[in-house]
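Quick note on numbering: our numbering labels position 58 of the sequence shown as 327, and the sequence is numbered without any gaps.
Ideal Cβ positions, reconstructed from N, Cα and C, are used throughout, including at glycine.
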Amino acid sequence: MGTGLGRWTRVAVGAAVGVIAATPASAEWREARSRHFTVYSEGKEADLRETATRLEQFDALIRLLSANATVEADQTANPLTVYVVDDIAAVRRLYGKGGSNVGGFYVPRADSSVAFTPRYTSDDDFTGQLVLFHEYAHHYLLSNYAAPYPAWFSEGYAEYMSTVSFTPTTIAFGRPAQHRAASLGGDTFTMSVDRLFTLGGKRLSDIDTQQLYARGWLLTHYVMADPVRRKQFGTYLARVGEGMPQREAAIAGFGDRRLALG
């Protein structure tokens, strides 16, 4: 992957982002509304306000990185509703059948899409904020781009953006996805780039799903860390959009696909 793998970036935080409202929605649930989000939580009001503020900062960062010139009227046309539930067990109960490995999930809708994320997790490398940002990255891609992205980039980009962190004056992005480290090593977890490019549209085993997320993040980081590779990625996407099969599109965009991903 070269030196780009270790690169991450800080950007300055602009003006403070305000929350429009934070009120009890019922006897237990509280609601916070901001420009692009409606957030519900049973947690403390201060935590709820911080979640909404972080989401607005995260939204601003994604728009900055993607140079999205969408007019403001369109930016707020499909606000995301977020339910912050107690823990991952609560998320899985809401997901229902097939959710034994789910940490959070996103339901796209034409009028008001919904995401469910945990307030608490038992893993310091897999936090509720990480899950929340992952799900919002999916919402952003689906809401702002007409053509669907390949599965490896859809999940890889969500993982790439999920590790964003904040200080009072900066936002850091492009940090390592430590929660995927175990899926990038050992004899069990191996996958060629050729297979990674063709994983979409089929039911995956648990191991293949882990590889899609982990190696999707790795390849996304490889692409995002260098202007030349971003241009190659654009060529690849254009060929996919024209109907070219994934393998041929990858060759057209990236040339030799035999990258050092295992």
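Taking a contact to mean a Cβ-Cβ separation below 7 Å, would you say residue i touches residue j in this structure?
{"i": "G368", "j": "R361", "result": "yes"}
{"i": "A321", "j": "S303", "result": "yes"}
{"i": "G522", "j": "Y505", "result": "yes"}
{"i": "A416", "j": "G510", "result": "yes"}
{"i": "V433", "j": "F385", "result": "no"}
{"i": "R449", "j": "W486", "result": "yes"}
{"i": "Y482", "j": "E424", "result": "yes"}
Within 10 Å of its beta-carbon, does residue i have 16 or more other beta-carbons around it, so buried, or fewer, so exposed?
{"i": "P496", "result": "exposed"}
{"i": "Q479", "result": "buried"}
{"i": "I440", "result": "buried"}
{"i": "D380", "result": "exposed"}
{"i": "T489", "result": "buried"}
{"i": "V351", "result": "buried"}
{"i": "D328", "result": "buried"}
By DSSP's criteria, residue i is part of a beta bridge. Which residues make up the other side?
{"i": "P387", "result": "V354"}
{"i": "Y375", "result": "A384"}
{"i": "L349", "result": "F306"}
{"i": "S434", "result": "A441"}
Could you compute how far the alpha carbon of residue i sits from the alpha carbon of residue j?
{"i": "G422", "j": "Q501", "result": "Here residue 422 is Phe; the residue named in the question, Gly, does not match the sequence. So the alpha carbons of these two residues sit roughly 14 Å apart."}
{"i": "G454", "j": "S431", "result": "21 Å"}
{"i": "P419", "j": "G469", "result": "7 Å"}
{"i": "V462", "j": "T307", "result": "38 Å"}
{"i": "L317", "j": "R299", "result": "8 Å"}
{"i": "L363", "j": "H408", "result": "19 Å"}
{"i": "R532", "j": "F374", "result": "In this structure the chain extends from 270 to 531, so residue 532 is not present and cannot be described."}
{"i": "G397", "j": "E517", "result": "38 Å"}
{"i": "A406", "j": "E314", "result": "25 Å"}
For residue i and residue j, which I take to be in contact (beta-carbon distance under 8 Å), what is that distance rounded to the nearest angstrom?
{"i": "D355", "j": "T390", "result": "11 Å between Cβ atoms; not a contact."}
{"i": "V400", "j": "G372", "result": "5 Å"}
{"i": "F435", "j": "R323", "result": "7 Å"}
Is there at least one non-hydrogen atom of the ligand GTP closer than 6 Å to the beta-carbon of residue i?
{"i": "G372", "result": "Inclusion of the ligand GTP in the displayed structure is not the case, the ligand content being empty and no account of it being possible."}
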